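Notes to accompany the following structure.
Residue numbers (the working numbering): 10 to 417.
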């Protein structure tokens, strides 16, 4: 992983942080990362972060919705957004030479969105359909249900989409107040990746974002308390059983985060040679999909092992997963095994770095949470420093706190 791209940082007087990533390409990327997500919602406003992300495109003081959706598409570009539990991302991809167009549009959205009531009513139907569609996909819905249980009693424990009851209450005033409260200079990062010079990007950012509020957003997050391990089966009448076996882990600021990522990759990463894929699919043909993932938030996290199988194979699959966890917990990897795992993981990161859209987003997220972007050499050193004992300790922690949720 060579650092061919140079990072340059700047902060506007209103507190908006900017990160510029130099990249030779005929395509440019820019956007806003906002430090707010579903975790920051009160119960009566569940789903508001996602709803605002949807409706921010529906009209500003300068543009109607048609002009917004056509602005970047007219030059062959794209305008995208997404919401997570702790962040909202709004960004554009466009052919080189259209930076001013993109920044002007994004700034208009975050500073002047009007949330017309007629548009909100239409979007309520869209979000309701999204909720229903999601519930019809148990392999996706089970992740949210698992996090609801493992983070029970905290603001992390609810679905990003909200529900039809809460979204029915989101008025123009509610959405505008939310935008004014959280979309402020100190609570956001502007990121850019492309061939334009840093000085030009900073000048355009000052021009279009200079009038942003400099007020600190009221972000108050309480770390969830640990819940007792659970083993829950919910009968949904599915053709297939969907199961998550997982446990709480430390958050993104933990010194174990790289070791946790490597452990997850060894156990059930995207490689066909992951331990779980070999055990459940390749050797026994019990599943079509088995994967492990780690969700790391600012102060906590959760690891989840997902698989789908026939009803008759559920207990056997669960035993096989636990056998792999127990094996990693009881015996440290050999030097040869840990080096092979590192080599594979680093190779996957190199391949992933070619996804320029994701690289641009990662740049923004890194600046939002760490106020800098780690160099390739730094990441390489952190991964190479991982020991077999660290992997074993993570496995031991997971096995001690394992919970299971199954949709049958």
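Ideal Cβ placement from N, Cα and C applies to all residues, glycine included. Since we're looking at a predicted model, the values are computed, not measured.
Asked	Found
Under the assumption that residue 377 contacts residue 62 (Cβ atoms under 8 angstroms), give the Cβ distance between them as a whole number of angstroms.	The Cβ separation is near 15 angstroms, so there is no contact.
Tell me whether residue 129 is buried or exposed, calling it buried when 16 or more other Cβ atoms sit within 10 Å of its Cβ.	buried
Do you know whose CA, among 226, 162 and 273, lies nearest residue 232's CA?	162
Can you list the beta strand (DSSP E) stretches of 3 or more residues lying completely in the region 168-247, in chain order?	197-203 and 240-243
Would you kindly report the start and end of the unbroken alpha helix (DSSP H) that includes residue 309?	First-last for residue 309: undefined, no H or E at that position.
When we look at the beta-carbon of residue 84 and count the other beta-carbons within 10 Å, is it buried (16 or more) or exposed?	exposed
For residue 348, count neighbouring C-beta atoms within 10 Å of its own C-beta (all shown protein chains included) and say buried if the count is 16 or more, exposed if not.	exposed
Which residue comes first and which comes last in the beta strand (DSSP E) that contains residue 356?	Counting along the chain, residue 356 falls outside any beta strand (DSSP E), though it belongs to the alpha helix (DSSP H) covering 344-361.
Count the other C-beta atoms from every protein chain shown that fall within 10 angstroms of the C-beta of residue 94, then say buried if there are 16 or more, exposed otherwise.	buried
So, is the C-beta of residue 301 closer than 8 angstroms to a C-beta in chain D?	This model lacks chain D altogether, as it is built from one protein chain only.
Leaving out the 5 sequence neighbours to the left and right, which residues in its chain are closer than 7 angstroms to residue 149 when beta-carbon positions are compared?	143
Can you grab the Cα-Cα spacing for the pair residue 177 / residue 39, in whole Å?	32 angstroms
Following the continuous alpha helix (DSSP H) through residue 152, name the residue where it begins and the one where it ends.	147-159
Taking the alpha carbon of residue 200 as the reference point, which residue from 79, 333, 218 and 285 has its own alpha carbon closest?	218
Output the boundary residues of the beta strand (DSSP E) element that contains residue 31.	26-31
Count the other CB atoms within 10 Å of the CB of residue 283; is the residue buried (16 or more) or exposed (fewer)?	buried
Tell me the DSSP secondary structure of residue 47 in three-state form.	helix
Scan the region 91-124 and note each continuous alpha helix (DSSP H) run of 4 residues or more that stays entirely inside, going in chain order.	108-121
From which residue to which residue does the alpha helix (DSSP H) around residue 479 run?	Limits of the chain in this structure are 10 at one end and 417 at the other, which puts residue 479 out of reach.
Is residue 10 helix, strand or coil by DSSP?	Only weak support exists for where residue 10 lies, its pLDDT of 47 falling under 50; the coordinates are left without a value.
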